[in-house]
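Residue numbers (UniProt numbering), protein chains in the order written: chain A, 1 to 188; chain B, 1 to 188.
2 protein chains.
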Amino acid sequence: MPVKARDRLLATAEELFYAEGIRAVGIERILAESGVGRASLYRHFPSKDDLVVAVLEARDRRWRAWLAERVEALGGGPSAVFDALAERFARNDFRGCAFINTMVESADPDGSAHRVAADHKERVVAYLEQLLTAARVSEPDLLAREFALLVDGAIVTALRERTPAPAVRARRIAQALLAADGAGAGNG
Amino acid sequence: MPVKARDRLLATAEELFYAEGIRAVGIERILAESGVGRASLYRHFPSKDDLVVAVLEARDRRWRAWLAERVEALGGGPSAVFDALAERFARNDFRGCAFINTMVESADPDGSAHRVAADHKERVVAYLEQLLTAARVSEPDLLAREFALLVDGAIVTALRERTPAPAVRARRIAQALLAADGAGAGNG
DNA sequence: GCAAAACGGCACCGACCGGTACCGTTTTCG
DNA sequence: CGAAAACGGTACCGGTCGGTGCCGTTTTGC
C-alpha cells in the first residue's frame with residue numbers, strides 16, 4: 001500500500017470501483033479500507049466525482065502503457081493486442097473494462113466520468129491505428145475502428161463467459177480482416 | 001400506460017432502469033412515475049430485486065421477438081441481424097444493451113439479475129446459431145459465437161459513439177467471415 | 001528544532017435508500 | 001348487490017449516502 005494518503009485513496013478506490021462498481025462503493029468503504037481520514041479525502045478530492053475522475057485518468061495511463069508493453073513483448077503486430085487481452089481475461093479479478101463499465105454506470109454522457117471513459121477509448125483507437133499503420137495495411141483508420149469493436153466485443157463477452165476464449169475468437173476474426181486487407185490491396 | 005398496477009410498474013421500471021441504470025433508480029421514483037402505491041409494489045414484488053428480474057425477463061422475451069421479426073423482414077440472412085441493430089442504434093433513447101448493463105452494474109455473477117442477463121445472451125447465441133445453420137455455413141456454432149461477439153462489440157461501440165455506424169462496421173466484418181467460410185468450405 | 005502542512009478520528013448534517021404496517025377507497029366478479 | 005380483492009396514500013423504520021467542521025497528533029521540510 002502506498003504511503004501518502006492521496007495514493008492510498010486512489011489505489012483503494014480503483015480496486016473497489018472496478019470490483020463492485022462506482023455507485024456500489026460508498027465513501028465510507030473507501031475510507032475504512034484505505035485507513036484515510038474523512039477530512040483528508042475531501043482535502044484531496046472535493047467530491048466523490050473528482051475522485052472517480054482521478055482514478056480513471058490514472059487507470060487510463062497505466063492501462064495503455066500496459067497494452068503497449070505487452071504488444072511489444074508479444075511480437076508487436078496488430079493481432080498481438082488480442083494475445084494481451086487473453087492474459088487480462090485469465091486473471092480471476094477480471095471484471096470487464098473499467099471504462100465501458102463507467103459509461104454504463106454513469107449514464108449521463110455529459111458527466112465528467114463518462115467523458116473520461118470515452119476519451120480513453122478514443123486513445124485506444126488511435127493506438128490501434130498507429131499499430132495498423134506500422135503493419136502497412138491499406139486502410140488503417142477503418143481497420144482500427146473494426147479492431148476496437150473486436151476488442152470491446154471480446155471484453156464484454158469475456159465478462160459474461162468468464163473465460164479467456166473470447167480473446168482468441170476476436171483474434172481469429174482480426175486475422176481474417178488482415179488477410180482480406182492483404183488480398184484486396186496486395187500487401188502483407 | 002397499462003391499466004393494471006403490476007403492468008404499470010414493469011413498464012415504468014423498465015424505462016427508468018434502462019435510461020438511468022438499476023442502482024440509480026430508487027423505488028420512490030418508480031412509485032411516483034407509475035402512480036402506484038407503495039404497498040401495491042411490494043404486494044407484486046417482494047423486493048426490488050424481484051422487480052428487476054421480472055423486468056429483465058419481460059424484456060428478454062420482447063427483445064428476442066423483436067430481433068426475429070426484424071431479421072425476417074430484412075431478408076432473413078445472418079447479416080440482417082446487424083441491419084436490425086442499426087435501427088436500434090439510431091433511436092435517440094438508445095442506451096446500450098440492458099443485459100450487458102445489468103451484468104456490469106450488478107457485479108456479483110451469482111446474483112439473480114446477473115444470471116437472467118447472462119441467460120438472455122445465451123439465448124441470443126442460440127438464435128444466431130439457428131440463423132447460421134439455416135444459411136448453411138460450415139461451422140454454425142463457431143460462427144454464432146463470433147457473431148455474438150460482433151453484436152456486443154457493436155452495441156458497446158454504439159453506446160460510446162452515439163451513432164448507428166458500428167452496426168454497419170460489424171456487418172462488414174460479419175460478411176467477411178461469411179465469405180471466408182464460403183471460400184474455405186466451398187458453400188455459399 | 002520548530003513551524004507548517006498533512007494527517008486520522010469523530011460528531012454531525014440533510015437526503016435518500018429499500019422495506020413494513022395500517023389506513024380508507026375503488027374495482028372486480030360471482 | 002354484496003363480498004373480496006386490488007388499490008393509492010401516508011407515516012414510519014433503521015441504515016447508508018455524500019459532505020462539513022473541528023479536534024489533537026504525526027510527519028514534513030526549512
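Virtual Cβ for every residue (Gly too), placed ideally from N, Cα, C.
CA-to-CA distance, residue j to residue i, given in whole angstroms
i	j	result
residue 177 of chain A	residue 124 of chain B	24 Å
residue 56 of chain A	residue 167 of chain A	24 Å
residue 175 of chain B	residue 111 of chain A	37 Å
residue 193 of chain A	residue 30 of chain B	No statement about residue 193 of chain A is possible, as the shown extent of chain A runs from 1 to 188 and does not include it.
residue 134 of chain B	residue 183 of chain A	29 Å
residue 71 of chain A	residue 113 of chain A	27 Å
residue 13 of chain A	residue 98 of chain A	12 Å
residue 89 of chain A	residue 154 of chain A	9 Å
residue 138 of chain A	residue 181 of chain A	7 Å
residue 172 of chain B	residue 26 of chain A	43 Å
residue 9 of chain A	residue 126 of chain A	30 Å
residue 85 of chain B	residue 169 of chain B	11 Å
residue 41 of chain A	residue 24 of chain A	18 Å
residue 129 of chain B	residue 82 of chain B	15 Å
residue 140 of chain A	residue 106 of chain B	37 Å
residue 34 of chain B	residue 6 of chain A	44 Å
residue 156 of chain B	residue 54 of chain A	23 Å
residue 37 of chain A	residue 165 of chain B	47 Å
residue 46 of chain B	residue 77 of chain A	54 Å
residue 160 of chain A	residue 43 of chain B	33 Å
Residue i burial status per 10 Å Cβ neighbour count (16 or more: buried)
i	result
residue 92 of chain B	exposed
residue 21 of chain B	buried
residue 65 of chain A	exposed
residue 248 of chain B	The structure shown does not extend to residue 248 of chain B, since chain B spans only 1 to 188, so no value can be given for it.
residue 163 of chain A	exposed
residue 28 of chain B	exposed
residue 136 of chain B	exposed
residue 152 of chain A	buried
residue 96 of chain A	buried
residue 32 of chain B	exposed
residue 3 of chain A	exposed
residue 79 of chain B	buried
residue 179 of chain A	exposed
Residue-level contact to chain B via CB, residue i, 8 Å cutoff
i	result
residue 83 of chain A	no
residue 91 of chain A	no
residue 146 of chain A	yes
residue 121 of chain A	yes
residue 128 of chain A	no
residue 64 of chain A	no
residue 157 of chain A	yes
residue 150 of chain A	yes
residue 19 of chain A	yes
residue 154 of chain A	yes
residue 52 of chain A	no
Cβ of residue i within 8 Å of any chain A Cβ
i	result
residue 95 of chain B	yes
residue 60 of chain B	no
residue 140 of chain B	no
residue 33 of chain B	no
residue 107 of chain B	yes
residue 23 of chain B	yes
residue 171 of chain B	no
residue 166 of chain B	yes
residue 193 of chain B	This structure cannot settle anything about residue 193 of chain B, because the visible part of chain B is limited to 1 through 188.
residue 118 of chain B	yes
residue 201 of chain B	Missing from the structure shown is residue 201 of chain B; chain B here goes from 1 to 188 and no further.
Reduced DSSP category for residue i - H, G, I as helix; E, B as strand; rest coil
i	result
residue 160 of chain B	helix
residue 155 of chain A	helix
residue 4 of chain B	coil
residue 92 of chain A	coil
residue 140 of chain B	helix
residue 104 of chain A	helix
residue 23 of chain A	coil
residue 74 of chain A	coil
residue 46 of chain A	coil
residue 52 of chain B	helix
residue 111 of chain B	coil
residue 182 of chain A	helix
residue 40 of chain B	helix
residue 167 of chain A	helix
residue 34 of chain B	helix
residue 135 of chain B	coil
residue 11 of chain B	helix
Touch test, the segment 50-67 of chain B against the segment 140-149 of chain B, Cβ-Cβ under 8 Å, three pairs minimum: no
Segment contact, 8 Å Cβ cut-off, at least three pairs: the segment 110-122 of chain B with the segment 42-60 of chain B: yes
Three or more C-beta pairs below 8 Å linking the segment 95-113 of chain B and the segment 8-25 of chain B: yes
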